[in-house]
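Chemist: Before we start, here is the structure in question, set down as structure tokens.
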Amino acid sequence: MKYTNVEQRMAHTYQELFPPFVPDGEAPVSMEEQERFYVMLRDLYRLAYDEPLLFVPQLHADDAHPNRFNKASYGKPDLMLQMRAFMKAVDRVLQRMFDQGRHAPVRYTTREKQILSRVGVQPGEEPSDVWQWMATRTGSNVTSFSHAFFKAGYPYTRDILPRLLGPEQTFLRLENWMLERGYQRVERTDGSGSGYALSLTYVNPAWSTDAPGEHFMYKVRHTGVSIQYDPYVEHPAVLGLRIPQGMKPWLEVFQQMSPALQSFILRHTKVCDACGYCVQTDKTGSRPLAFVTVEYGHDEKHLCPYFPGYRFCWTNLDDILADSLVAFLGFLDSFAPCGR
């Protein structure tokens, strides 16, 4: 998608992370009131996209970090400042709206009053019943408030994140495969827009009784997948494969994999280039490199076992990838310590 400026790109993240309307039919406010609140927020994010100068005094040429895991490598420190400045301007409006709904003292700036008037909120106007309910009900926070998460316990991130990866039917097939095998769904919904804390994770509890983190890059104890969203990169949504214990134990059983799975592993595992990371603490110079040698066809491959999460991740999910994920997860789960 093309954007006129970086602020418009940032505004689009609020639109992408805004769910379809799912009201709470048992709430103390009517579904019609909930829909009006939903439309107000939707219009606020549209306004941020259409007229970003209402939120910040200056616009900047569109850009985004190409490397999710090393933004500094892009060599443009001002870009992150520009991105955050706009998102924080939006977040301040949302935070003050949330605080106002909780009857906390709030002073909107002239700019913020103008923004709110454009979505039908006049200066000094008492928050509506649904506005107050969304800000004060048990467990409320600025994330549930600003994303219109009306119904407690409803998996809103399930409606939001998978659709950003491609055809939803493809993800549904992967999801059904996991749920049929006892995988558990874990949502994270406790951050603001600039904090990009929404995530959706599926984990197999057969691997550990520990609570799963949402990351797929490190400290992984369960098989599964995680979908995360980073507004500061070119392709914000990413699906990562959760590989417990790193790649070493799985490369050691490489020959037990099907040829198709072996091919998948080779496409996404780094071939050792003697970078020295694995021996950087060796003072003697005698420690061997940590690569694992596997046989594939008539060749030997020296593969790096470290940090597979940084390579087994994708910004688009198609049927071929879904089949490969099912194959790899099925293979990994055959070694689950608690069994299936």
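If you use our numbering, the sequence shown corresponds to residues 372 to 711, in order.
The C-beta atom is built at its ideal place from N, Cα and C for all residues, glycine as well.
1. Please identify the residue among Leu688, Phe542, Glu483 and Pro448 whose C-alpha is closest to the C-alpha of Ala460.
2. Do you know whose CA, among Asp704, Phe542 and Val609, lies nearest Ile361's CA?
3. Once you ignore the five residues that flank Gly647 on each side, which residues in its own chain have a CB closer than 6 Å to its CB?
4. Does Arg534 come within less than 9 Å of chain B when only Cβ atoms are used?
5. Nearest to Leu536 by CA position, among His606, Arg556, Leu418 and Asn512, is which residue?
6. Using only the alpha-carbon positions, how far apart do Ala519 and Tyr409 sit?
7. From Arg473 to Gly510, what does the alpha carbon distance come to, in whole angstroms?
8. Considering only residues of the same chain and omitting the five flanking positions on each side of Asp689, which have a CB-CB separation below 8 Å?
9. Excluding the 5 residues flanking Ala698 on each side, which residues of the same chain have their C-beta closer than 6 Å to its C-beta?
10. May I ask which residues mark the beginning and end of the alpha helix (DSSP H) holding Tyr420?
11. List, from N- to C-terminal side, the alpha helix (DSSP H) runs of 4 residues or more that fit wholly inside the stretch 623-687.
12. Should Gln386 be labelled buried (16 or more other beta-carbon atoms within 10 Å of its own) or exposed?
13. Looking at the unbroken beta strand (DSSP E) that takes in Gln599, where does it start and where does it end?
14. Between the C-alpha atoms of Met372 and Asp433, what's the straight-line distance to the nearest angstrom?
15. Please go through the same chain and pick out, in chain order, the residues whose beta-carbon is closer than 8 Å to the beta-carbon of Met628, but skip the five residues on each side of it.
16. Excluding the 5 residues preceding and the 5 following Ala677 in the sequence, name in chain order all residues of the same chain whose CB lies nearer than 6 Å to its CB.
17. When you compare each of Gln429, Gly446, Ser705 and Asp694 to His436 by their alpha carbons, which one comes out closest?
18. Once the 5 residues before and after Asp581 are set aside, which same chain residues still bring their CB inside 6 Å of it?
19. Decide if the stretch 609-627 is in contact with the stretch 660-675; the criterion is three or more beta carbon pairs, one per stretch, under 8 Å apart.
20. Per DSSP, Tyr573 is paired with what?
21. Can you say whether Lys654 is buried or exposed, counting buried as having 16 or more other CB atoms within 10 angstroms of its CB?
22. Glu404 and Asp500 - do their beta-carbons sit closer together than 9 Å?
23. Using 9 Å as the threshold, is the C-beta distance between Leu700 and Met549 below it?
24. Would you call Ile614 buried or exposed, if buried means 16 or more other Cβ atoms sit within 10 Å of its Cβ?
25. Buried or exposed for Asp380, please, with buried defined as at least 16 other CB atoms from any protein chain shown within 10 angstroms of its CB.
26. Using the rule of at least 16 other Cβ atoms within 10 Å of the residue's Cβ for burial, across every protein chain shown, is Gly564 buried or exposed?
27. So if DSSP puts Arg613 in a beta bridge, which residue, or which two residues, is it bridged to?
28. Within 10 angstroms of its Cβ, does Ile691 collect 16 or more other Cβ (buried), or is it exposed?
29. What residues in its chain sit with their C-beta under 6 Å from that of Leu450, if we drop five residues either side in the sequence?
30. Quick one, are the C-beta atoms of Phe516 and Leu465 less than 9 Å apart?
31. Is Val427 helix, strand or coil when you go by DSSP?
32. Beta-carbon separation of Val393 and Asp462 under 9 Å?
33. Can you list, in chain order, the residues of its chain whose CB lies under 8 Å from that of Arg638, leaving out five sequence neighbours each side?
34. Is it the case that the Cβ atoms of Val400 and Met454 are separated by a distance below 9 Å?
Modeler: Reading it off the structure:
1. Here the question's residue 460 lines up with position 89 in the sequence shown. When only C-alpha atoms are compared, the closest one is Glu483.
2. A query on residue 361 cannot be resolved here, the shown segment of the chain reaching from 372 to 711 and no further.
3. Translated into positions along the sequence shown, residue 647 becomes position 276. Cβ neighbours of Gly647 beyond the five flanking positions: none.
4. The structure shown contains no chain B, having only a single protein chain.
5. The count along the sequence shown starts at 1 and reaches residue 536 at position 165. Of the listed residues, the one whose Cα sits closest to Leu536 is His606.
6. One-based indexing of the sequence shown puts residue 519 at position 148. One-based indexing of the sequence shown puts residue 409 at position 38. Taking the Cα positions, Ala519 is about 6 Å away from Tyr409.
7. Taking the sequence shown and counting its residues from 1, one reaches residue 473 at position 102. Taking the sequence shown and counting its residues from 1, one reaches residue 510 at position 139. About 13 Å.
8. In the sequence shown, the residue the question calls residue 689 occupies position 318. In chain order, Gly537, Pro538 and Thr541 place their CB closer than 8 Å to the CB of Asp689, counting only its own chain and leaving out the 5 sequence neighbours on each side.
9. On the sequence shown, position 327 is the one that residue 698 refers to. Closer than 6 Å at the Cβ level, and outside the excluded window around Ala698, lie Leu632.
10. Translated into the one-based positions of the sequence shown, residue 420 becomes position 49. First-last of the alpha helix (DSSP H) with Tyr420: Met402 to Asp421.
11. Runs of the alpha helix (DSSP H) inside the stretch 623-687: 630-639.
12. Residue 386 sits at position 15 when you count from the first residue of the sequence shown. By the 16-neighbour rule on beta-carbons within 10 angstroms, Gln386 is exposed.
13. As a working note, residue 599 is residue 228 in the sequence shown. For Gln599, the uninterrupted beta strand (DSSP E) segment begins and ends at Gly595 to Tyr600.
14. As a first step, residue 372 is located in the sequence shown; it is residue number 1 there, counting from the start. As a first step, residue 433 is located in the sequence shown; it is residue number 62 there, counting from the start. Going by the C-alpha atoms only, they are around 11 Å apart.
15. If you number the sequence shown from 1, residue 628 lands on position 257. So the list reads Ile636 and Phe702, once near-sequence residues are dropped.
16. Stepping through the sequence shown from its first residue, residue 677 is reached at position 306. Correcting the residue identity first, residue 677 is Tyr in this sequence and not Ala. Taking C-beta separations shorter than 6 Å and ignoring five residues to either side along the sequence, Tyr677 has no partners in its chain.
17. For the purposes of this step, residue 436 is identified with residue 65 of the sequence shown, where counting begins at 1. Measuring from the Cα of His436, the nearest candidate turns out to be Gly446.
18. Taking the sequence shown and counting its residues from 1, the one referred to as residue 581 is at position 210. Cβ contact annotation for Asp581 (same chain, cutoff 6 Å, sequence separation greater than five): Arg592, in chain order.
19. A contact between stretches requires three or more CB pairs, one per stretch, nearer than 8 Å, and the stretch 609-627 meets this requirement with the stretch 660-675.
20. One-based indexing of the sequence shown puts residue 573 at position 202. Bridge partners of Tyr573: Arg556 and Val596.
21. Counted from its first residue, the sequence shown places residue 654 at position 283. So Lys654 ends up on the exposed side.
22. Here residue 500 refers to the residue found at position 129 of the sequence shown. Here residue 404 refers to the residue found at position 33 of the sequence shown. With respect to the 9 Å criterion, Asp500 and Glu404 are classified as neighbours on the basis of their beta carbons.
23. Stepping through the sequence shown from its first residue, residue 700 is reached at position 329. Stepping through the sequence shown from its first residue, residue 549 is reached at position 178. A contact, by the Cβ cut-off of 9 Å.
24. The residue you call residue 614 lines up with position 243 of the sequence shown. Counting Cβ neighbours within 10 Å, Ile614 comes out buried, since at least 16 surround it.
25. Residue mapping note: residue 380 aligns to position 9 of the sequence shown, counting from 1. Contrary to the premise, residue 380 reads as Arg rather than Asp in this sequence. Answer is buried; the Cβ neighbour count reaches 16.
26. To locate residue 564, count along the sequence shown from 1; it is residue 193. With a pLDDT of 46 at Gly564, under the threshold of 50, the modelled position of that residue is not reliable, and no figure is offered here.
27. Within the sequence shown, residue 613 is the residue found at index 242, counting from 1. According to DSSP, Arg613 bridges with Gly595.
28. Position 320 of the sequence shown holds residue 691. Exposed is the call here.
29. For this step, residue 450 is matched to residue 79 along the sequence shown. Correct list, in chain order: Asp434.
30. Counted from its first residue, the sequence shown places residue 516 at position 145. Counted from its first residue, the sequence shown places residue 465 at position 94. For the 9 Å CB-CB criterion, Phe516 and Leu465 form a contact.
31. If you number the sequence shown from 1, residue 427 lands on position 56. Of the three classes helix, strand and coil, the one that applies to Val427 here is coil, per DSSP.
32. Reading the sequence shown from its first residue, position 22 is the one you call residue 393. Reading the sequence shown from its first residue, position 91 is the one you call residue 462. No, the Cβ-Cβ distance between Val393 and Asp462 is not below 9 Å.
33. Within the sequence shown, numbered from 1, the residue matching residue 638 stands at position 267. A distance below 8 Å between beta-carbons, with the five flanking residues on each side excluded, links Arg638 to no residue of its chain.
34. Position 29 of the sequence shown holds residue 400. Position 83 of the sequence shown holds residue 454. No.
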